[in-house]
Amino acid sequence: MANKSLSVLKRARQNERRRLRNRERKNSLKQAVKEIRAAGSKDDAKKLLPKVQSVIDRSARHHIIHRNTGRRLKARISREVAEAD
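The numbering of the sequence shown is this note's numbering, which starts it at 32 and goes up by one.
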């Protein structure tokens, strides 16, 4: 097998770091969405809403999710909070 160039090795290291970072960001997004959907009362959900929207915006800005997916998710969560009992 031929020797790999330095640029290929560097790119592999970068890709691995980015993969791990993206996985962590995606997990925090999922956890935030689960947390607000499992909130016991409407007041708890309203308190969590800005934090969750921020996490969604950050995920979209870092291209973890598509920007339209983020907007759709924020709209759905906002509607769920508004309709909660």
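Ideal Cβ positions, reconstructed from N, Cα and C, are used throughout, including at glycine.
Counting C-beta pairs with one atom in each stretch, the stretch 38 to 52 and the stretch 65 to 76 have fewer than three that are closer than 8 Å, which means they do not touch.
By the Cβ test, the stretch 85 to 93 is in contact with the stretch 55 to 65, since at least three Cβ pairs between them sit closer than 8 Å. Counting other Cβ atoms within 10 Å of its Cβ, A70 reaches 16 or more and is therefore classed as buried.
For the 8 Å CB-CB criterion, E114 and R68 do not form a contact. Judged by beta-carbon spacing, R56 lies within the 8 Å limit of I95, meaning their Cβ atoms are closer than that value.
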